[in-house]
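Asker: Numbering-wise, the sequence shown is residues 3 to 140 according to my numbering.
We put the CB at the ideal spot given by N, CA and C, even for glycine.
Please find one structure pasted underneath; my questions will follow.
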Amino acid sequence: MNNLILDSGNYLLIIMYTALTVSWWRKRREALIHALLSSLFAWVIAGFIKDIFPTPRPIQFDGTGSFPSGHTAAAFAFGVSAFMHDGPVGLAMLTGSLLIGISRVAGHVHYPIDILGGAVLGTIIAYLVFRLHPKFRS
């Protein structure tokens, strides 16, 4: 059952990436790149934090730390980036991000604080990428 829950969250993230890529590829490519880069940066930074400050998971399964949730950080960075460019689309992506976080807790690989940490990290990264990208500052 845990694998089904975790797989559902993983597939939802893939669906989110695919849906935004297909819908924004031609008309909003710059915003799409912003969202994808934010997601990648959040994933990598979450991994660094896990390596520096390893925390136990509810059920140990892969030897990595629990805090913050990399899946949730990546999903929220993606969702917040989408929201900053298109509110209604972003709300859908943020709903998916929340569901991914819930799936990580329901699958017993994260505690709720890991999800909150991932969501905050993803939000901060998305904001920083948005602010630092020259085209979107003006």
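Can you tell me where the alpha helix (DSSP H) holding S41 begins and where it ends?
Answerer: R31 to I54
Asker: Are the beta-carbon atoms belonging to S40 and F80 less than 8 Å from one another?
Answerer: yes
Asker: Compute the distance between the beta-carbons of L96 and I47, then report whether it is under 8 Å.
Answerer: no
Asker: Is the beta carbon of P83 sitting closer than 8 Å to the one on A128?
Answerer: Just to set this straight, residue 83 is Ser in the shown sequence, not Pro. Yes; because the gap between Cβ atoms is below 8 Å, this pair is in contact.
Asker: What residue does the alpha helix (DSSP H) around P114 start on, and which one ends it?
Answerer: P114 to L134
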